[in-house]
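Below: the structure, in structure tokens.
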Amino acid sequence: MIKINDLHKSFGSNEVLKGISKEIKKGEVVAIIGPSGSGKSTFLRCINLLETPNKGDIYIEGQNLTDKKTNIDGIRQKVGMVFQHFNLFPHKTVLENLTLAPMRLRGKSPSEAKEKAMELLGKVGLANKANEYPNRLSGGQKQRIAIARALAMEPHVMLFDEPTSALDPEMVREVLDVMRNLVAEGMTMLIVTHEMGFAKNVANRVFFMDQGTVLEDANPRELFENPKHDRTKEFLDKVLNH
Amino acid sequence: MEYLGILKGIFIDEGRYQYILKGLGFSLGVTGLAAVLGMLFGIIFALLRLSKISILEKISIVYVDLIRGTPAVVQLMILANGIFIGNLRDTPILVVAALAFGINSGAYVTEIIRSGIEGLDKGQMEAARSLGMNYGIAMKEIILPQAIKRILPTLVSEFITLLKETSIVGFIGGVDLLRSANIITSQTYRGVEPLLAVGVIYLILTAIFTKLMRQVEGRLKVSD
Numbered sequence: 005m006i007k008i009n010d011l012h013k014s015f016g017s018n019e020v021l022k023g024i025s026k027e028i029k030k031g032e033v034v035a036i037i038g039p040s041g042s043g044k045s046t047f048l049r050c051i052n053l054l055e056t057p058n059k060g061d062i063y064i065e066g067q068n069l070t071d072k073k074t075n076i077d078g079i080r081q082k083v084g085m086v087f088q089h090f091n092l093f094p095h096k097t098v099l100e101n102l103t104l105a106p107m108r109l110r111g112k113s114p115s116e117a118k119e120k121a122m123e124l125l126g127k128v129g130l131a132n133k134a135n136e137y138p139n140r141l142s143g144g145q146k147q148r149i150a151i152a153r154a155l156a157m158e159p160h161v162m163l164f165d166e167p168t169s170a171l172d173p174e175m176v177r178e179v180l181d182v183m184r185n186l187v188a189e190g191m192t193m194l195i196v197t198h199e200m201g202f203a204k205n206v207a208n209r210v211f212f213m214d215q216g217t218v219l220e221d222a223n224p225r226e227l228f229e230n231p232k233h234d235r236t237k238e239f240l241d242k243v244l245n246h
Numbered sequence: 324m325e326y327l328g329i330l331k332g333i334f335i336d337e338g339r340y341q342y343i344l345k346g347l348g349f350s351l352g353v354t355g356l357a358a359v360l361g362m363l364f365g366i367i368f369a370l371l372r373l374s375k376i377s378i379l380e381k382i383s384i385v386y387v388d389l390i391r392g393t394p395a396v397v398q399l400m401i402l403a404n405g406i407f408i409g410n411l412r413d414t415p416i417l418v419v420a421a422l423a424f425g426i427n428s429g430a431y432v433t434e435i436i437r438s439g440i441e442g443l444d445k446g447q448m449e450a451a452r453s454l455g456m457n458y459g460i461a462m463k464e465i466i467l468p469q470a471i472k473r474i475l476p477t478l479v480s481e482f483i484t485l486l487k488e489t490s491i492v493g494f495i496g497g498v499d500l501l502r503s504a505n506i507i508t509s510q511t512y513r514g515v516e517p518l519l520a521v522g523v524i525y526l527i528l529t530a531i532f533t534k535l536m537r538q539v540e541g542r543l544k545v546s547d
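Sequence order for the protein chains is C and F. Residues in the first sequence are numbered consecutively from 5, following the numbering used here. Residues in the second sequence are numbered consecutively from 324, following the numbering used here.
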């Protein structure tokens with residue numbers, strides 16, 4: 005479903021991604037962990053071209069993103085993204101946040117878009133907030149709306165960029181629960197996260213990134229209980245035993 | 324009571340108030356047209372500036388620096404005496420003035436809009452693009468509505484400045500509010516009252532404008 009070949013990305017003279025090649029299959033849930041500055045977010049943001057790679061290819065369902073002829077807007081419609089800081093549209097109601105893109109880009113009628121939006125809001129437990137503006141909501145609620153907004157485009161893959169890092173601790177769970185439901189539905193997901201428990205219990209594959217490379221790629225049990233690299237051990241020791 | 328008689332002599336006799344009314348119409352006409360042009364130029368040059376295409380950015384920078392670095396009255400006179408000559412000499416002064424003030428105001432509006440857009444969280448553009456919106460749709464649906472709301476107070480003060488600045492249009496022969504006061508002075512030998520009258524009219528106009536905009540702002544605040 006996603007195929008990445010020798011991905012490189014630099015910001016100025018700072019090389020953030022130093023050649024990553026990975027393949028991700030339909031239905032896989034990949035947790036990406038690693039220390040700050042290891043390139044996790046940049047890697048994720050390359051997958052829908054929010055960052056333009058300097059070198060390498062990314063294929064999504066066979067289409068090459070780095071090919072100039074590829075319609076990137078079309079591909080982004082199939083790749084949902086959830087941000088650390090939610091990025092809801094503050095000048096639109098919750099419902100409008102969900103219906104805008106399907107109406108403008110998919111040509112859905114207002115009633116169709118609304119029906120789908122209400123279904124999704126029901127799914128994230130926020131149907132009663134449809135007519136509120138985002139600034140009236142708590143962080144956890146905002147993030148659940150942001151997930152619903154991405155789902156409204158009926159994506160084939162979902163990217164999560166530290167979805168719980170900006171939340172108060174008591175709100176982390178409600179967001180993770182929504183994500184867990186998505187996993188149960190078979191959604192293909194890539195999740196940059198610091199929630200080790202979630203990575204361990206929910207993901208079926210974990211990437212440990214360090215200094216611009218994926219140092220270790222294994223199933224969660226293996227990676228957490230029997231890491232191969234010293235860097236992975238050291239990192240896990242720091243984050244798990246504190 | 325005696326002074327009321329004098330005022331009547333200045334403004335009512337021989338229908339002299341009509342100069343003021345005509346001047347008012349001219350000032351409002353120039354301001355209105357120039358405001359529309361200024362917004363148009365402002366949006367265009369702000370987008371050029373943000374285009375990340377070096378040559379377009381430079382065009383926008385030169386425009387803004389050139390206009391902000393020279394007095395409006397000089398720009399107005401260059402346009403009237405240097406460009407609208409020959410075949411163009413019969414262009415109505417209203418049009419020449421509106422163009423001059425539109426170009427002038429556009430430079431300030433460019434900077435206002437640019438700072439409004441740059442001040443927005445860049446996550447907004449990323450969120451819009453990540454949903455598959457192209458740059459144009461994202462700008463129109465997500466960025467500009469938020470930017471305009473944010474810059475509204477600054478834009479209003481720019482247009483109030485514009486309204487007052489049009490009073491230099493007498494330099495190219497336009498008969499605006501200020502010139503109408505001069506005409507009345509030349510007929511009545513009263514220097515102060517016509518100017519006071521014009522000043523009060525400007526004050527009323529700007530007050531109305533400010534009040535209207537406060538109401539619009541209040542309505543836009545709903546989502547904050």
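Beta carbons are placed, not taken as given, at the ideal position from N, Cα and C, and that holds for glycine.
- Along the region 168 to 186 of chain C, there is no position whose C-beta sits under 8 Å from a C-beta of chain F.
- According to the DSSP assignment, Met536 of chain F belongs to the alpha helix (DSSP H) that extends over Val515 to Leu543.
- Bounds of any beta strand (DSSP E) do not take in Gly66 of chain C, whose DSSP letter is neither H nor E.
- In the DSSP assignment, Ile6 of chain C falls within the unbroken beta strand (DSSP E) covering Ile6 to Phe15.
- Note on geometry: alpha-carbon atoms of Ile36 of chain C and Gly43 of chain C lie some 10 Å from one another.
- According to the DSSP secondary-structure assignment, Phe164 of chain C is paired through a beta bridge with C:Val86 and C:Ile195.
- Against chain F, the CB of Ala105 of chain C has a partner CB under 8 Å away; the residue lies at that interface.
- In the three-state scheme derived from DSSP, where H, G and I count as helix and E and B as strand, Asp444 of chain F is classed as coil.
- Under the three-state reduction of DSSP, Phe93 of chain C is assigned to coil, being neither helix nor strand.
- For Ser25 of chain C, the enclosing beta strand (DSSP E) starts and ends at Asn18 to Ile28.
- Distance check between Gly23 of chain C and each of C:His12, C:Leu240 and C:Val196 places C:His12 closest, using alpha-carbon atoms only.
- By the Cβ neighbour-count rule, Asn139 of chain C is exposed, with fewer than 16 other Cβ atoms within 10 Å of its own.
- Taking CB atoms only, Asp77 of chain C has a neighbour in chain F less than 8 Å away.
- Taken in chain order, the complete alpha helix (DSSP H) segments of 4 residues or longer contained in the region 391 to 474 of chain F are 395 to 401, 416 to 441, 445 to 453 and 458 to 461.
- The residues Gly514 and Pro517, in chain order, have a CB closer than 7 Å to that of Thr508 of chain F in the same chain once the five nearest residues on each side in sequence are set aside.
- In chain order, Leu443 and Gln447 place their CB closer than 8 Å to the CB of Gln469 of chain F, counting only its own chain and leaving out the 5 sequence neighbours on each side.
- In this structure, the alpha-carbon of Asn68 of chain C lies about 14 Å from that of Glu27 of chain C.
- Distance between Pro167 of chain C and Leu102 of chain C, taken at the CA atoms: about 18 Å.
- Arg339 of chain F sits in coil when the DSSP states are folded into three classes, being neither helix nor strand.
- For Lys59 of chain C, the three-state secondary structure derived from DSSP is strand.
- Beta-bridge analysis with DSSP links Thr217 of chain C to C:Asp214.
- Under the Cβ distance rule, Arg80 of chain C counts among the residues neighbouring chain F, one pair being separated by less than 8 Å.
- For the C-beta of Ser377 of chain F, not a single chain C residue is nearer than 9 Å; the gap to the nearest is close to 17 Å.
- If you check each beta-carbon in the region 447 to 459 of chain F against every beta-carbon of chain C, the ones closer than 7 Å belong to Gln447, Glu449, Ala450, Arg452, Ser453, Leu454, Gly455, Met456 and Asn457.
- Rounded to whole angstroms, the gap between the alpha carbons of Met107 of chain C and Asp413 of chain F is 50 Å.
- The region 146 to 153 of chain C and the region 78 to 93 of chain C touch, with no fewer than 3 CB-CB distances between them shorter than 8 Å.
- Between the C-alpha atoms of Asn230 of chain C and Thr236 of chain C there is a straight-line separation of about 10 Å.
- Taking the Cβ atoms as the reference, Gly365 of chain F lies roughly 5 Å from Gly429 of chain F, within the contact range of under 8 Å.
- Distance from the CA of Glu189 of chain C to the CA of Met183 of chain C, rounded to the nearest whole angstrom, comes to 10 Å.
- The Cβ atoms of Leu485 of chain F and Ala358 of chain F sit closer than 8 Å to each other.
- For Val33 of chain C, the three-state secondary structure derived from DSSP is strand.
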